[in-house]
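Visitor: Numbering (this note's numbering), first residue to last: 1 to 176. Right, I'll just put the structure down here and ask away after.
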């Protein structure tokens with residue numbers, strides 16, 4: 001029985017990524033005790049001064065990313081277990097790019113969000129690291145430490161995307 005091992009491991013990694021993304025962010029932002037944002041392509045949680053915010057447009061983007069990853073993981077799993085079937089190449093073509101596309105969209109989203117904040121508020125928020133900022137609050141100022149960082153899920157997303165791409169190249173082995 002032929003199995004595309006990189007594709008199989010990539011689909012399992014993608015399923016794990018989907019499940020863990022409901023509970024953990026890919027990137028997190030903490031602003032002292034003032035607020036926190038947990039961001040992933042599947043889930044967005046914003047907590048500011050103890051209040052939670054939801055952005056409806058982002059919800060639908062999260063849903064699209066979730067459905068894309070689920071479809072990709074299922075197609076890659078079926079392809080990996082049955083790589084010599086006549087429909088396998090179509091499944092592979094459909095599935096192998098999706099994790100990479102979601103990863104790129106997520107990374108661009110971070111850059112698109114952080115850059116205007118830097119321009120509008122003159123606050124430098126690093127992609128990964130920490131910085132001290134002074135925030136105006138009426139007649140007073142609040143000093144806070146901003147900490148940001150990628151979590152293990154971001155790195156799992158990279159591994160998942162790479163494995164799915166490797167599965168595409170590994171498929172050539174089955175043509176011989």
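Don't be surprised by glycine CBs; every beta carbon is placed ideally from N, CA and C. Just so you know, these numbers come straight off a predicted model, no measurement behind them.
Please classify residue 99: does DSSP put it in a helix, a strand, or coil?
Guide: Numbered from its first residue, the chain shown carries residue 99 at position 99. The answer is helix: DSSP assigns residue 99 an H, G or I state.
Visitor: Along the chain, where does the alpha helix (DSSP H) containing residue 14 start, and where does it finish?
Guide: In the chain shown, counting from the first residue as 1, residue 14 sits at position 14. Its alpha helix (DSSP H) spans residues 5 to 21.
Visitor: Any contact between the stretch 24 to 38 and the stretch 67 to 75? By contact I mean 3 or more CB pairs, one from each, below 8 Å.
Guide: The stretch 24 to 38, when compared against the stretch 67 to 75, does not touch it at the 8 Å Cβ threshold.
Visitor: According to DSSP, simplified to helix, strand and coil, what is residue 90?
Guide: Numbered from its first residue, the chain shown carries residue 90 at position 90. Looking at residue 90 - three-state DSSP - the assignment turns out to be helix.
Visitor: Assign residue 21 to one of two classes, buried (16 or more other C-beta atoms within 10 Å of its C-beta) or exposed (fewer than that).
Guide: Residue mapping note: residue 21 aligns to position 21 of the chain shown, counting from 1. By the neighbour-count rule (16 or more Cβ atoms within 10 Å), residue 21 is buried.
Visitor: Less than 7 Å separating the Cβ of residue 21 from some heavy atom of the ligand MN?
Guide: Judged by which ligands are present, the structure shown has none, so any question about the ligand MN falls away.
Visitor: Considering only residues of the same chain and omitting the five flanking positions on each side of residue 144, which have a CB-CB separation below 7 Å?
Guide: The sequence position of residue 144 within the chain shown is 144, counting from 1. Within the same chain, residue 144 has close Cβ partners 31, 32, 34, 133, 135.
Visitor: Please state the DSSP three-state secondary structure of residue 82.
Guide: By one-based count along the chain shown, residue 82 stands at place 82. Coil, per DSSP.
Visitor: With a CB to CB cut of under 7 Å and the five nearest residues on each side skipped, what residues in its chain are close to residue 150?
Guide: Indexing the chain shown from 1 puts residue 150 at position 150. If we look at residue 150 and ignore the five residues flanking it on each side, its Cβ neighbours are 26, 27, 128.
Visitor: Using DSSP's beta-bridge definition, name the partner residues of residue 138.
Guide: Along the chain shown, one-based indexing puts residue 138 at 138. Paired residue(s): none; residue 138 is not in a bridge.
Visitor: With distances taken between CB atoms, is the gap from residue 95 to residue 79 smaller than 8 Å?
Guide: Locating residue 95 in the chain shown gives position 95, where the first residue counts as 1. Locating residue 79 in the chain shown gives position 79, where the first residue counts as 1. Closer than 8 Å, so yes.
Visitor: Please classify residue 56: is it buried, with 16 or more other beta-carbons within 10 angstroms of its beta-carbon, or exposed?
Guide: By 1-based counting over the chain shown, the position of residue 56 is 56. Residue 56 comes out exposed.
Visitor: Is the Cβ-Cβ distance between residue 163 and residue 41 less than 8 Å?
Guide: Position 163 of the chain shown holds residue 163. Position 41 of the chain shown holds residue 41. No; because the gap between Cβ atoms is not below 8 Å, this pair is not in contact.
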